[in-house]
Amino acid sequence: MRVAMLSVHSSPLARLGGKEAGGMNVYVRELARELGQRGIFVDIFTRSQDHTMPTVTPIGRGVRVISLHAGPAAPYDKNLLLTYLPEFVNRVRCFADGEDLSYDLIHSHYWLSGEAALRLRRVWRAPVVQMFHTLGAMKNRVARSDEEVETNRRIAIERRLLREVDAVVAATPLDRAQMVWHYGADASRIRVIPCGVDLRRFQPGDRTTARTELGMAHDAIILVCVGRMEPLKGMDALIRAAARLSTRHPDWRERLQVVLVGGDSETQTERWNSEQRRLDALRRELGIVRQVRFVGAQPQEQLPLYYAAADVVAAPSHYESFGLAALEALACGAAVVASNVGGLALTIEDRRSGLLVPPDDDAALAAQIERILTDSALAAQLRAAAVQRAAEYGWPTIARRITALYDELMLAHAAIWSAQRLVRVS
Ligand code: UDP
Numbered sequence: 524m525r526v527a528m529l530s531v532h533s534s535p536l537a538r539l540g541g542k543e544a545g546g547m548n549v550y551v552r553e554l555a556r557e558l559g560q561r562g563i564f565v566d567i568f569t570r571s572q573d574h575t576m577p578t579v580t581p582i583g584r585g586v587r588v589i590s591l592h593a594g595p596a597a598p599y600d601k602n603l604l605l606t607y608l609p610e611f612v613n614r615v616r617c618f619a620d621g622e623d624l625s626y627d628l629i630h631s632h633y634w635l636s637g638e639a640a641l642r643l644r645r646v647w648r649a650p651v652v653q654m655f656h657t658l659g660a661m662k663n664r665v666a667r668s669d670e671e672v673e674t675n676r677r678i679a680i681e682r683r684l685l686r687e688v689d690a691v692v693a694a695t696p697l698d699r700a701q702m703v704w705h706y707g708a709d710a711s712r713i714r715v716i717p718c719g720v721d722l723r724r725f726q727p728g729d730r731t732t733a734r735t736e737l738g739m740a741h742d743a744i745i746l747v748c749v750g751r752m753e754p755l756k757g758m759d760a761l762i763r764a765a766a767r768l769s770t771r772h773p774d775w776r777e778r779l780q781v782v783l784v785g786g787d788s789e790t791q792t793e794r795w796n797s798e799q800r801r802l803d804a805l806r807r808e809l810g811i812v813r814q815v816r817f818v819g820a821q822p823q824e825q826l827p828l829y830y831a832a833a834d835v836v837a838a839p840s841h842y843e844s845f846g847l848a849a850l851e852a853l854a855c856g857a858a859v860v861a862s863n864v865g866g867l868a869l870t871i872e873d874r875r876s877g878l879l880v881p882p883d884d885d886a887a888l889a890a891q892i893e894r895i896l897t898d899s900a901l902a903a904q905l906r907a908a909a910v911q912r913a914a915e916y917g918w919p920t921i922a923r924r925i926t927a928l929y930d931e932l933m934l935a936h937a938a939i940w941s942a943q944r945l946v947r948v949s
């Protein structure tokens, strides 16, 4: 089987934790590698953002990233990329024709890629599996500024994709319900298959070793949060919660450290986006500059160290269609406090494998962090259950479910095409 994955606006080779690269990039990379291990050939087509990038980059057995020039060879506003979509689709076609390839199935990621997939479906007569990763309508419900509002065009494209693609994969039952509620989608065409976690990379580690490697004090109280610097990630609530904790426990004040992983580090202020500048202003206003540290985006290999070093990992997002970083933290046996939104509320079983709090509620967040910090038995129980929970999400399990869907769609598609041929002949 040969699969064309489309990830138009963001490459699986991009640096993670920046503005546009996060869970979706990880998903595309890891799923493709796992499919490759199972003997499926996967080409991941993406728009090149760097003119030095080679067109073809192998990233695993039978898996290649194909970076194609369409529009400026630089990061570009995703909404404006629609202009370059016809050019991108043409480049994909030229690449495939040049290698004499056609694809059995198209798996598109994000609404932009879905738009390209519908055009390529006509060329290759291949079924399309669509994943949105985030939904425009859901983002708009939690948007707090015009900058965060998604366009009507995006929402219209998402609605059309839900009608026209062959199958949609939702990460959770809630994700599926949101497609039905907000877009009038037909639930029977949406399959729920969660995201996966690399259980070889994300494993519990030794706290003392991790702190030594990261240069953290052994008696520090470490609260870690991993995510892109976006208002949606709710890091402001964690900073406010830390301020509350240091007021309630003056003896913790000097030892408390909120470690924010993502965006850019303390020394790269010229690269900070508006959200990181807002968080910086907030820590100043609350008088906890020294307690909040931006360590910048970290390569994924480093993240298990941060999770092992943490007393608590917080995931205070306002919306998270799945929430991979939280799942990775669970796999590392972290004590996690997360917002009870989206995928977080489903992967984390409240008071078993983590604690859930309402989003944007720094008092509740502080209270649950405090519980973990003051009750070592609870912390140990949460950590053990977290590892067990994450074990259900290994990539081999997830890829098996995805390939079962591929097989089903290809069978159905072959039947449709042969029926149409028969009609034409008769
Ligand atoms: N990530 C990373 N380094 C960072 C920040 C994030 O490798 O500095 C990875 C993290 O391991 C996770 C993904 O980026 O796999 C973020 O996914 P999540 O679903 O949590 O958030 P999204 O970015 O999709 O909103």
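Residue numbers 524 to 949, in our numbering, belong to the letters of the sequence shown in order. Virtual Cβ for every residue (Gly too), placed ideally from N, Cα, C.
query: Contact under 8 Å by Cβ, residue 906 with residue 870; result: no
query: Where residue 635 sits in the DSSP three-state scheme; result: helix
query: Own chain, CB closer than 7 Å to residue 885, minus 5 neighbours either side, in chain order; result: 760, 763, 764, 767
query: Counted within 10 angstroms of its Cβ, other Cβ atoms place residue 701 as buried (16 or more) or exposed; result: buried
query: Pairwise C-alpha distance: residue 589 and residue 677; result: 25 Å
query: Test item, CB below 6 Å from any non-hydrogen atom of ligand 1; result: 539, 540, 545, 546, 547, 549, 749, 750, 751, 784, 785, 820, 821, 823, 826, 845, 846, 847, 848, 851
query: DSSP three-state assignment for residue 524, whether helix, strand or coil; result: coil
query: Residue environment, residue 627, which counts as buried when at least 16 other CB atoms sit within 10 Å; result: buried
query: Length at least 3, wholly inside the segment 700-774: the beta strand (DSSP E) runs in chain order; result: 713-715, 744-749
query: Supposed contact pair residue 863 and residue 879 - C-beta distance, whole angstroms, cut 8 Å; result: 4 Å
query: Element boundaries [alpha helix (DSSP H), containing residue 676]; result: 675-687
query: Chain-order list of residues whose beta-carbon lies under 8 Å from that of residue 659 (same chain, five-residue window excluded); result: 634, 673, 674, 677, 678, 681
query: Collapsed DSSP secondary structure at residue 877 in the structure displayed; result: strand
query: 8 Å Cβ cutoff met for residue 719 and residue 553; result: yes
query: CB-CB length for residue 752 against residue 785, believed under 8 Å; result: 6 Å
query: Closest residue to residue 534 among 925, 940, 631, 619 (Cα-Cα distance); result: 631
query: Per-residue burial, residue 831 [other beta carbons within 10 Å of its own, 16 or more giving buried]; result: buried
query: From 843, 948, 787, 835, residue whose alpha carbon lies closest to that of residue 540; result: 787
query: Separation of residue 562 from residue 750, as counted between CA atoms; result: 33 Å
query: Inter-stretch contact (C-beta, 8 Å, three-pair minimum) for the segment 604-623 and the segment 567-579; result: yes
query: Inter-residue spacing [alpha-carbon to alpha-carbon] between residue 640 and residue 651; result: 7 Å
query: Extent of the continuous beta strand (DSSP E) to which residue 476 belongs; result: Since the first and last residues shown for the chain are 524 and 949, residue 476 lies out of range.
query: Sequence-distant residues of the same chain with beta carbon closer than 7 Å to residue 581, five excluded per side; result: 587
query: Residue 568, enclosing beta strand (DSSP E) - first and last residue; result: 564-570
query: Backbone CA spacing between residue 605 and residue 598 [nearest angstrom]; result: 14 Å
query: CB of residue 924 within 8 Å of CB of residue 716, strictly; result: yes
query: Residue 877 beta carbon less than 8 Å from that of residue 909; result: yes
query: Residue environment, residue 548, which counts as buried when at least 16 other CB atoms sit within 10 Å; result: buried
query: Sequence-distant residues of the same chain with beta carbon closer than 6 Å to residue 795, five excluded per side; result: 787
query: Rounded C-alpha distance that separates residue 528 from residue 621; result: 18 Å
query: For residue 838: DSSP bridge partner residues; result: 861
query: Cβ neighbours of residue 666 in the same chain (closer than 6 Å, five flanking residues each side left out); result: 672
query: Distance between beta carbons of residue 585 and residue 559, contact taken as under 8 Å; result: 4 Å
query: Burial state of residue 647, where buried means 16 or more other Cβ atoms lie within 10 Å; result: buried
query: Residue 544 burial status per 10 Å Cβ neighbour count (16 or more: buried); result: buried
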